[in-house]
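S.K.: Just so we're aligned, residue 1 is where the sequence shown starts under the numbering used here, counting upward by one. Sharing a structure here in structure tokens format.
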Amino acid sequence: MRNALLVSLSIILAAAGCSSHKHSPESQIDAIMRAYQGAVPGAAVLVLRDGMPIFRRGYGLADVELHVAASPDTNYRLASMTKQFTSAAILLLAEDGRLSLDDPLRKWLPALPDAANGITIHHLLTHTSGLIDYEDVIPDETTVQVHDADVLRLLESQNRTYFAPGSNYRYSNSGYALLALVVGRASGTDFASFLRQRIFKPLQMHNTVAYEDGISTVANRAYGYSLLDKKWTRTDQSLTSAVLGDGGIYSSIDDLAKWDAALYDNRLLRTESLRLAFTPATNTDDPEVRYGFGWRITGETLWHSGETMGFRNVIVRYPKQHFTIIVLTNRDDPEPYPTALAIANIFIPAANAARAAHSVVGPDSGARPLPGSRP
Numbered sequence: 001m002r003n004a005l006l007v008s009l010s011i012i013l014a015a016a017g018c019s020s021h022k023h024s025p026e027s028q029i030d031a032i033m034r035a036y037q038g039a040v041p042g043a044a045v046l047v048l049r050d051g052m053p054i055f056r057r058g059y060g061l062a063d064v065e066l067h068v069a070a071s072p073d074t075n076y077r078l079a080s081m082t083k084q085f086t087s088a089a090i091l092l093l094a095e096d097g098r099l100s101l102d103d104p105l106r107k108w109l110p111a112l113p114d115a116a117n118g119i120t121i122h123h124l125l126t127h128t129s130g131l132i133d134y135e136d137v138i139p140d141e142t143t144v145q146v147h148d149a150d151v152l153r154l155l156e157s158q159n160r161t162y163f164a165p166g167s168n169y170r171y172s173n174s175g176y177a178l179l180a181l182v183v184g185r186a187s188g189t190d191f192a193s194f195l196r197q198r199i200f201k202p203l204q205m206h207n208t209v210a211y212e213d214g215i216s217t218v219a220n221r222a223y224g225y226s227l228l229d230k231k232w233t234r235t236d237q238s239l240t241s242a243v244l245g246d247g248g249i250y251s252s253i254d255d256l257a258k259w260d261a262a263l264y265d266n267r268l269l270r271t272e273s274l275r276l277a278f279t280p281a282t283n284t285d286d287p288e289v290r291y292g293f294g295w296r297i298t299g300e301t302l303w304h305s306g307e308t309m310g311f312r313n314v315i316v317r318y319p320k321q322h323f324t325i326i327v328l329t330n331r332d333d334p335e336p337y338p339t340a341l342a343i344a345n346i347f348i349p350a351a352n353a354a355r356a357a358h359s360v361v362g363p364d365s366g367a368r369p370l371p372g373s374r375p
């Protein structure tokens with residue numbers, strides 16, 4: 001996997017013509033992002049150093065049909081980048097004394113079958129629960145979107161796990177969907193409201209939302225697209241797009257800059273909570289990547305990708321250097337992780353950005369389209 005990433009990174013740099021130090025960083029990034037420019041699904045790129053934006057730009061279109069340009073305040077569906085917010089919600093409730101990371105899952109969701117005995121909240125956070133992937137047990141005849149509560153109902157019928165809790169790693173959207181339900185039950189409110197009151201409002205992330213159709217709206221919304229038969233086709237929603245805990249947040253690079261800043265101090269989470277989130281808790285299926293709570297950890301980088309129908313995103317943080325790259329896109333190809341590393345290479349080549357491993361795509365990236373959704 002590392003070799004594949006190095007090849008991808010080399011191709012991006014070569015295609016962009018970024019090998020010469022004579023080009024400004026801005027022109028080099030523009031060259032790297034060339035494929036997102038014009039009348040095509042676009043992207044937003046943010047580079048932060050010492051908490052300040054040193055590059056901030058939108059490319060292409062947020063809405064191809066209406067020719068709405070992407071901008072730094074365009075809101076993209078984060079997909080699995082949502083997991084860092086879900087884990088933060090759990091950590092806030094642990095700080096409040098509302099729950100413990102060692103709580104048995106069935107303390108909060110007692111309707112789960114006996115196979116869930118032994119699974120703890122910690123196992124969910126670290127993808128070591130062994131829970132069955134809910135995407136694989138959605139009935140074929142399903143025509144309406146699945147929600148977090150539906151995930152619980154699906155798993156109530158699965159009296160089995162992939163492995164004994166804590167004995168292995170398997171990336172699990174199921175686990176994070178259930179964590180959203182735990183947040184609701186432990187807090188006495190719903191997951192979306194908890195995020196709004198305890199994370200988004202305090203950090204002044206005014207346009208970030210765990211989107212619920214018919215309940216909330218997404219300002220400056222980007223719509224997702226896929227390249228089908230050489231044409232960009234809107235594929236904005238899948239059967240699983242309404243599940244919040246594993247991937248339902250919309251945000252912009254401007255709001256995510258505020259989130260990144262909060263990860264350096266105690267304005268949101270205590271030092272010990274941040275340490276837990278950023279400490280490797282388990283190996284993954286990539287030997288160069290370990291996992292904390294909602295974060296992948298590779299060398300000195302903390303990062304997470306988000307891949308789903310119509311969207312691909314990534315955040316890559318270099319905490320020791322106080323440096324962050326965020327790339328949000330409203331298309332499901334190409335993967336933006338090598339792009340982010342190529343951008344990092346412009347500013348901090350000594351950090352050997354290319355050492356980070358190839359990202360692992362979550363199950364939702366292959367989700368079924370929502371029947372009757374707008375083409």
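By construction, the Cβ of each residue, glycine as well, lies at the ideal position given by its N, Cα and C atoms. This structure is a prediction, so every number in the text was calculated from the model and none was measured.
Apart from the five residues on each side of it in sequence, which residues of its chain come closer than 7 angstroms, Cβ to Cβ, to Leu155?
M.R.: Leu112, Leu131, Ile132, Tyr134, Ser174
S.K.: For the alpha helix (DSSP H) that Ala89 lies in, which residues bound it at each end?
M.R.: 83 to 95
S.K.: Classify Leu78: buried if its beta carbon has 16 or more other beta carbons within 10 angstroms, exposed otherwise.
M.R.: buried
S.K.: Could you spell out the range, first to last residue, of the beta strand (DSSP E) harbouring Asp265?
M.R.: No beta strand (DSSP E) holds Asp265; DSSP gives it neither H nor E.
S.K.: So, with DSSP's three-state summary, where would you put Trp259?
M.R.: helix
S.K.: How is Pro336 classed by DSSP in three states: helix, strand or coil?
M.R.: coil
S.K.: Tell whether a beta-carbon distance below 7 angstroms holds between Gly60 and Gln37.
M.R.: Closer than 7 angstroms, so yes.
S.K.: Which same chain residues end up closer than 6 angstroms to Arg198 when comparing Cβ atoms and leaving out the 5 residues on each side of it in sequence?
M.R.: Leu92
S.K.: Do Tyr162 and Arg170 have their CB atoms nearer than 7 angstroms?
M.R.: yes
S.K.: Where does Ala69 fall in DSSP's three states?
M.R.: strand
S.K.: Just grab the DSSP bridge partners of Asn75 for me.
M.R.: Arg221
S.K.: Looking only at its own chain, which residues have a Cβ that is under 7 angstroms from the Cβ of Pro336, when we skip the five neighbours before and after it?
M.R.: So the qualifying residues of the chain are Arg312, Asn313, Val314, Val327, Thr329.
S.K.: Out of curiosity, what's the CA-to-CA distance linking Thr74 and Ser193?
M.R.: Using only the alpha carbons, I get a separation of about 22 angstroms.
S.K.: Kindly give me the distance between the Cβ atoms of Val218 and Tyr264, rounded to whole angstroms, as I take these residues to be in contact under 8 angstroms.
M.R.: Incorrect: roughly 27 angstroms between the Cβ atoms, too far for contact.
S.K.: Measuring alpha carbon to alpha carbon, tell me which residue in Gln84, Ser27, Asp333 is nearest Asn176.
M.R.: Per the sequence shown, the amino acid found at residue 176 is Tyr instead of Asn. The option with the nearest alpha carbon to Tyr176 is Gln84.
S.K.: Out of Ala210, Ala342, Ser226, Lys230, which one is the CA nearest neighbour of Arg196?
M.R.: For the residues Ala210, Ala342, Ser226, Lys230, the minimum Cα distance to Arg196 belongs to Ala210.
S.K.: Mind pulling the beta strand (DSSP E) runs of 3 or more residues that sit fully within the region 189 to 242?
M.R.: 225 to 228, 231 to 234
S.K.: Per DSSP, His304 forms a beta bridge with which residues?
M.R.: Paired residue(s): Ile315.
S.K.: Would you say Ala94 and Leu105 are within 7 angstroms of each other, going by their C-beta atoms?
M.R.: No, the Cβ-Cβ distance between Ala94 and Leu105 is not below 7 angstroms.
S.K.: Can you tell me which residues form a DSSP beta bridge with Arg331?
M.R.: Tyr225
S.K.: Between Ile297, Ser87, Ile343, which has its C-alpha nearest Met33's C-alpha?
M.R.: Ile343
S.K.: Assign Val144 to one of two classes, buried (16 or more other C-beta atoms within 10 Å of its C-beta) or exposed (fewer than that).
M.R.: exposed
S.K.: Using the Cβ count rule (16 or more neighbours within 10 Å means buried), how would you classify Asp213?
M.R.: exposed
S.K.: With DSSP as the reference, identify every bridge partner of Leu48, one or two as the case may be.
M.R.: Its beta-bridge partners are Pro53, Thr324.
S.K.: Nearest-angstrom Cα distance between Glu272 and Asp140?
M.R.: Approximately 44 angstroms between the Cα atoms of the pair.
S.K.: Kindly indicate which residue of Tyr318, Ala39, Asp190, Glu26 has the alpha-carbon position closest to the one of Ile215.
M.R.: Asp190
S.K.: Between the C-alpha atoms of Asp96 and Trp303, what's the straight-line distance to the nearest angstrom?
M.R.: 27 angstroms
S.K.: Assuming Leu109 and Leu178 make a contact with CB atoms under 8 angstroms, what is their CB distance in whole Å?
M.R.: 6 angstroms
S.K.: Using CA atoms only, rank isn't needed, just tell me which of Gly42, Thr120, Ala89 is closest to Leu227.
M.R.: Gly42
S.K.: Comparing alpha-carbon positions, which option in Ile119, Val151, Leu276 lies nearest Asp246?
M.R.: Val151
S.K.: What does Ile249 pair with, by DSSP beta-bridge criteria?
M.R.: Ala210
S.K.: So the candidates are Ile348, Gly306, Lys231, Phe293; which of them puts its Cα closest to the Cα of Lys320?
M.R.: Ile348
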